[in-house]
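Numbered by the numbering used here, the letters in the sequence shown go through residues -11 to 412 in order.
First up is the structure itself, then whatever we jot down about it.
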Amino acid sequence: MKKADGSKHRILILSVSAGTGHIRAAEALEKAAHAHPEVGDVLNIDALKYTNKLFRQFYGQFYLDLVKSAPVLLGWFYDSQDEPWKTEKMRLMLDRMNTGPLIRQIKKFQPDITICTHFLPAEILSHLIKHDKVDTQLAITITDYYAHAMWLSRTVNHYFVANEESKVQLENIGFPPEIITVSGIPIDPVFAEERDRVKLRGEYELTGSEPVILISGGALGVSSAGRMAEVMCDVKHPAQIIVICGKNEKLQKTVLKEVASLPAGCNHLKFTVLGYTNRMHDWMKAADLFIGKPGGLTTAEAMSCGLPMVIYQPIPGQEERNSDYLLENGAAVKCNQLSTMAYKVDLLLSDPARLARMREQAKQLSHPDSAAIVIQTLIDNYGIGRAVTIGRASYTDKTKAAFRKIGHKIVYAKDDLLKPLLPF
């Protein structure tokens, strides 16, 4: 809906640089917002840059350190926090203590619409809106295929989720269905562009006859990705293998060295080792199979290209939830050990019909225009209704419920004691 004064909408996008997914989702939304004719100023900021140095270093690095050195602990932490409103007060107190500059920036920009791709700024905005400190419409985009309790905010205008299951989760917590849209995870609009696979392969000097296997080496880490060339050498089918190493130059050198030392028995495989690329959408559309970890954004991008996945050692927590979703829907297989990677790949390449079904399932799960859906939905709903607030159960209500539960137990216990004495 257009603004009453006829001016264009001011949109603020808030993300957090804990991993890359939240930032990439924000960038996708920024592109979609700039492309909309009814949107004026767009500001996309990393909320951590507006916190103090100690908080920024802890919050930004804590997740990455756990991924590298203690993934099991990360999984335990993820599961322990997955209870609605369990740590709400403590998290909000810590966030408010360390995000003063962020709050001032929000008030300075005066956004009509604010979109959060991470829960930290979302809960700050939610608190400010609830107490009439800012006047903006708050939207939260969940960047995984599971609505973890950390994403819950008491006051919100709209939720955007990846799948129907996440919508059901939020509805069961108490959020009205009309403020929840299954949009998919926001990905770069270039993934929505149709490309001819034959021509695309020609552009990248790939043959049309042999399958293309795309490996996300940067996500796998040096230890696993460094051995990928050696492991894939056991694949029996001729194939073209593309290893993307991202900005990790050490990894790229390691993989190149591995490829150079492969025995003659691997000549049926053609390896291409790349560093950082801004053409990931092209490589995904040209590929037949993707090997990597199921991060929310990577998964959404692969699905938009109809690209089946071989999931390798998902990080405990959100990646395991994403993995479950893909496996349940037949768009992926899972490999727990590098020693069986070639076996898993050969199984799929030996069964073109199965691979075709997986490709079709991936397409069914895709939302390539997700970022545009988010922006359009918010523009259409602008000024319609107020933010929804999910209230807390009062202390009295909780106490009454506890006494009712105790009372039922006493009644049942009394009945059990009297039963032997009754004549019937």
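Here a beta-carbon is modelled for each residue, glycine too, at the ideal position from N, C-alpha and C.
Small disclaimer: the values here were computed from a predicted structure and weren't measured.
Determine the extent of the alpha helix (DSSP H) in which residue i is found, giving its start and end residues.
i    : result
T242 : E237 to A248
A341 : P340 to Q352
G9   : G9 to A23
A330 : M329 to L337
I232 : It is not in any alpha helix (DSSP H) - I232 instead sits in the beta strand (DSSP E) that spans A227 to I232.
K155 : E152 to I161
I91  : G88 to F97
L326 : Per DSSP, L326 belongs to no alpha helix (DSSP H) and is neither H nor E.
N369 : S358 to N369
G63  : P59 to S68
R185 : R185 to E191
K273 : M268 to A274
Do you know whose CA, among the options, lies nearest residue i's CA?
i    : options                      : result
L54  : L257, T265 and G305          : G305
E152 : Q352, Q364, D357 and G373    : Q352
Y147 : G234, I103 and W64           : I103
V333 : Q157, P199 and H115          : P199
Q240 : H(-3), M216 and P356         : M216
G454 : T377, A320, G284 and R374    : The chain is shown only over -11 to 412; residue 454 falls outside these bounds and no answer can be derived.
T39  : I303, Q93, T75 and I201      : Q93
V149 : Q349, L158 and P72           : L158
K37  : G88, S354 and N310           : G88
A23  : I361, P59 and C233           : I361
I173 : L257, T105, K(-10) and L194  : T105
R347 : D276, T265, L202 and V231    : D276
L295 : I378, D270 and E316          : D270
E181 : G371, N324, I33 and M268     : M268
S5   : Q45, D(-7), K(-9) and M(-11) : Q45
D357 : Y313, K19, L314 and S(-5)    : K19
G416 : H136, N160, T124 and H225    : Shown here, the chain extends from -11 to 412; a query on residue 416 therefore has no answer.
What does DSSP give as the partner residues of residue i in its beta bridges?
i     : result
G280  : I299
D(-7) : DSSP lists no partner for D(-7).
L2    : I33 and C104
S204  : I232
V219  : V219 is not bridged to any residue.
T169  : F148
V376  : V144
Rounded to the nearest angstrom, how far is the Cβ of residue i from that of residue j, given a contact under 8 Å?
i    : j    : result
C293 : F179 : 7 Å
A290 : M272 : 6 Å
L17  : A359 : 5 Å
K155 : V170 : 6 Å
V452 : I203 : As displayed, the chain neither begins before -11 nor continues past 412, which places residue 452 out of reach and without an answer.
G214 : V247 : With a Cβ gap of about 11 Å, G214 and V247 do not count as contacting.
I431 : L62  : This structure does not reach residue 431, given that the chain is present from -11 up to 412, and the question cannot be answered.
Following the continuous beta strand (DSSP E) through residue i, name the residue where it begins and the one where it ends.
i    : result
Q125 : Q125 to T129
T147 : Per the sequence shown, the amino acid found at residue 147 is Tyr instead of Thr. Here the beta strand (DSSP E) through Y147 covers H146 to V149.
S197 : Run containing S197: none; DSSP gives neither H nor E here.
L414 : The chain is shown from -11 up to 412; residue 414 falls before or after that span and cannot be answered.
L31  : V27 to D34
A319 : Element bounds for A319: n/a, residue is neither H nor E.
Inset, instruction - Flag this pair as touching only if the segment 237 to 254 and the segment 275 to 284 have three or more C-beta atom pairs under 8 Å; answer yes or no. - result: no
Legend entry - the segment -9 to 6 touching the segment 19 to 31, judged by at least three CB pairs closer than 8 Å: yes
Inset, instruction - Would you check if the segment 307 to 316 and the segment 115 to 131 touch, i.e. whether three or more CB-CB distances between them fall below 8 Å? - result: no
Inset, instruction - State whether the segment 108 to 117 contacts the segment 317 to 329, with contact taken as three or more CB pairs (one from each stretch) at a distance under 8 Å. - result: no
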